[in-house]
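Accompanying notes for the structure given below.
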Amino acid sequence: MTSGGSGFGIMTIPVAVSRGFISREEAVERMLKIVTFLDETAETFHGAFPHWLDGSTGKVIPFSSNDNGADLVETAFLIQGLLTVKEFFDGETQDEQLIREKITSIWERVEWSWFRKNGENRLYWHWSPDKDWAMNMPVSGWNEGLIVYVLAASSPTYPVDRQVYDEGWTGNGSFRNGKEFYGIELPLGQDYGGPLFFTHYSFLGLDPRNLSDAYADYWEQNTAHARINHAYCKDNPKGWYGYSDSCWGLTASDYPDGYTASSPTNDTGTIAPTAALSSFPYTPEESMAAMKYFYYILGDRLWGEYGFKDAFNLDRRWIASSYIAIDQGPIVIMMENYRTGLLWDLFMKNSDILTGLSRLGFTVSRQSAVLR
Numbered sequence: 000m001t002s003g004g005s006g007f008g009i010m011t012i013p014v015a016v017s018r019g020f021i022s023r024e025e026a027v028e029r030m031l032k033i034v035t036f037l038d039e040t041a042e043t044f045h046g047a048f049p050h051w052l053d054g055s056t057g058k059v060i061p062f063s064s065n066d067n068g069a070d071l072v073e074t075a076f077l078i079q080g081l082l083t084v085k086e087f088f089d090g091e092t093q094d095e096q097l098i099r100e101k102i103t104s105i106w107e108r109v110e111w112s113w114f115r116k117n118g119e120n121r122l123y124w125h126w127s128p129d130k131d132w133a134m135n136m137p138v139s140g141w142n143e144g145l146i147v148y149v150l151a152a153s154s155p156t157y158p159v160d161r162q163v164y165d166e167g168w169t170g171n172g173s174f175r176n177g178k179e180f181y182g183i184e185l186p187l188g189q190d191y192g193g194p195l196f197f198t199h200y201s202f203l204g205l206d207p208r209n210l211s212d213a214y215a216d217y218w219e220q221n222t223a224h225a226r227i228n229h230a231y232c233k234d235n236p237k238g239w240y241g242y243s244d245s246c247w248g249l250t251a252s253d254y255p256d257g258y259t260a261s262s263p264t265n266d267t268g269t270i271a272p273t274a275a276l277s278s279f280p281y282t283p284e285e286s287m288a289a290m291k292y293f294y295y296i297l298g299d300r301l302w303g304e305y306g307f308k309d310a311f312n313l314d315r316r317w318i319a320s321s322y323i324a325i326d327q328g329p330i331v332i333m334m335e336n337y338r339t340g341l342l343w344d345l346f347m348k349n350s351d352i353l354t355g356l357s358r359l360g361f362t363v364s365r366q367s368a369v370l371r
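Now the structure itself:
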C-alpha cells in the first residue's frame, strides 16, 4: 500500500458516489474498512505514515535503506484525502459517525511540529526509527509540498507557526521566480515550472481559486505553470515525435528506462496523460484536446482496464503497461474539481484548515462558481 496514493484514491470515492458509479452504502463500507486499518493496524512514527506499508499487516515496507519510517509528504497526501472524505460522510448513521471519529483520531495523532528536527524552522520529509534523520531532506518550496505546511499549521494538536512556513517552505521568499517563459510570467519555482504534479498534488483538496499569500496568487501560479508546460510541448525544441498542441504533458511517470520526473528541463520525449488531464481546471481547452488525442488517436494502445496507461514515448515506440495511483487519482479528482469543484469545496469546509491558512497569512475568498 502506498500512503499518498491511497489518499488520492480515497478522494475519488465521493466522486464515484456523486456520479452514481457506486452507492453511498458501498462507499461507507469501503471507507470504514480503510480508516479502521489506518487507525488500528497501520504502523506510524510520531503519527506519520511510511511511504509504503504492508496492506495486510500494516508494517512499514522500506522505500530505501534510510527511508524505513515516517514520510511526512506522503502522510500529508493521505491526510488531505481523509479530511476531504470526512466532510463528505456527514450522515448520522453509526458507520458514518465512526468514519469521522477515526479520521479525527488519525489526523490529531500526526506530530507535525516534531518533524522540525530539533526545533528548526522547517519541516523534514523523513524520519527513521533506526537511521534517525539520515535522509536529511527538508520540505522546501517550490514543489508538491505546500500541503504539508498547510496541514501542519492546521493541526489542532501539533501545529507550527508562520515562521516555520516563511523560513522553511518559502526560504523567506527565495522560491520566487518572476521570469517569463513563452511570454507567460511564472511567479514561483524553478524555470519553466518543473513537473506538472506540482500543480496537482497539493491542490486536490486545497482550492487555488482566490487563494493567495504574501508570495503568490496560487491560481495564477498553477495556471501559468500548466500553460508553460503546454507551450513547451507545442514548441518541441528537442524535436520529439508526436509532441503537439494536443499531445502534451510532462510530469513524473514511468518512462522507457524506469521512472523520472519529466519537465521542460528534463524532457525524455515521454508524455504522461495525467499531466494534461489533471490540469483541466487550469487549461480546459488544451486538456480537452489532449484527452481526445489520447483516446481517439492512440486508442486502445493507451486506454485499458483502469483508464489511460501511465505514459508513452512515441519516439521510442513505447507505451507503459502500468497504472500508478499518484497519476490515476489526480485525473479523477481534478476533472471533477473542474466540473463541479466537489473536492475543493469539501476540503475547504474543514474549520481546522481555515484556521491553518489564516495562521500562515493566506487570504481565502470562497468561490462557489464552478469552472464550466
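Residue numbers for the sequence shown follow numbering that gives the first Met the number 0, beginning at 0 and rising by one. Yeah, the Cβ is synthetic: ideal placement off N, Cα and C, and Gly gets one too.
Should residue 83 be counted as a contact of the ligand PLP given a C-beta to heavy atom distance under 8 Å?
-> Annotation note on the ligand PLP: not contained in the displayed structure, which lists no ligands.
Beta-bridge partners of residue 175, as assigned by DSSP = 187
Helix, strand or coil at residue 235 according to DSSP, with G and I counted as helix = coil
Alpha carbon of residue 349 to alpha carbon of residue 235, nearest angstrom | 42 Å
Pair within 9 Å by beta-carbon distance, residue 37 and residue 351 = no
Among residues of its own chain, excluding the 5 on either side of residue 368, which ones have a beta-carbon nearer than 6 Å to its beta-carbon?
-> For residue 368, the pLDDT reaches just 45, beneath the cut-off of 50, and the residue's location in the model is therefore unreliable, although a value from the coordinates is still provided. For residue 368, where only same-chain residues beyond five positions count, there are no Cβ hits under 6 Å.
For residue 143, count neighbouring C-beta atoms within 10 Å of its own C-beta (all shown protein chains included) and say buried if the count is 16 or more, exposed if not.
-> buried
N-terminal and C-terminal residue of the alpha helix (DSSP H) that residue 324 is part of = 324 to 338
CB residue 77 to CB residue 2, shorter than 9 Å?
-> yes
Taking all protein chains shown into account, decide if residue 98 is buried (16 or more other Cβ within 10 angstroms of its Cβ) or exposed.
-> buried
Every unbroken alpha helix (DSSP H) inside the segment 58 to 140 [4 residues or more] = 71 to 87, 93 to 108
Among 187, 91, 312, 200, which has the Cα closest to the Cα of residue 415?
-> Shown here, the chain extends from 0 to 371; a query on residue 415 therefore has no answer.
Under 9 Å between C-beta atoms of residue 362 and residue 153 | Not a contact, by the Cβ cut-off of 9 Å.
Please classify residue 200: does DSSP put it in a helix, a strand, or coil?
-> helix
Could you check if residue 20 is buried or exposed, using at least 16 other CB atoms within 10 Å of its CB as the buried criterion?
-> exposed
With a CB to CB cut of under 7 Å and the five nearest residues on each side skipped, what residues in its chain are close to residue 319?
-> Hits under 7 Å: 253, 308, 309, 310, 311.
Residue range of the beta strand (DSSP E) that residue 344 falls in?
-> Not the beta strand (DSSP E): residue 344 falls in the alpha helix (DSSP H), residues 341 to 346.
What number of angstroms, rounded off, separates the C-alpha of residue 238 from the C-alpha of residue 262?
-> 15 Å
With DSSP collapsed to three states, give me the class of residue 7.
-> helix
Give every residue of the same chain whose Cβ lies closer than 8 Å to the Cβ of residue 51, excluding the five residues on either side of it in the sequence, and list them in chain order.
-> 0, 1, 2, 59, 60, 61, 62
Are the segment 87 to 102 and the segment 168 to 179 touching by the rule of at least three beta carbon pairs closer than 8 Å?
-> no
Among 315, 297, 197, which residue has its Cα nearest to the Cα of residue 145?
-> 197
Residue 163: which of 247, 205, 113, 133 sits nearest, CA to CA?
-> 113
Terminal residues of the beta strand (DSSP E) in which residue 254 lies = 251 to 254
Given that a residue counts as buried once 16 or more other Cβ atoms are within 10 Å of its Cβ, and exposed if not, what is residue 327?
-> buried
Three-way DSSP call (helix, strand, coil) for residue 309 in this model | coil
Look at the Cβ atom of residue 248, then the Cβ atom of residue 280, and state whether they are nearer than 9 Å.
-> no
Cβ of residue 69 within 9 Å of Cβ of residue 45?
-> yes
Exposed or buried, residue 201, counting other C-beta atoms within 10 Å across all chains shown (16 or more means buried)?
-> Residue 201 should be labelled buried.
Which of the three DSSP states, helix, strand or coil, is assigned to residue 292?
-> helix
Determine the DSSP secondary structure at residue 55, reduced to helix, strand or coil.
-> The three-state secondary structure of residue 55, taken from DSSP, is coil.
C-alpha gap between residue 94 and residue 106, whole angstroms = For residue 94 and residue 106, the distance between alpha carbons rounds to 18 Å.
Nearest-angstrom Cα distance between residue 299 and residue 346?
-> 35 Å
Grouping DSSP H, G and I as helix and E and B as strand, with all else coil, what is residue 159?
-> coil
Beta-carbon contacts of residue 241 that lie in its chain and below 6 Å, excluding the five residues immediately before and after | 313
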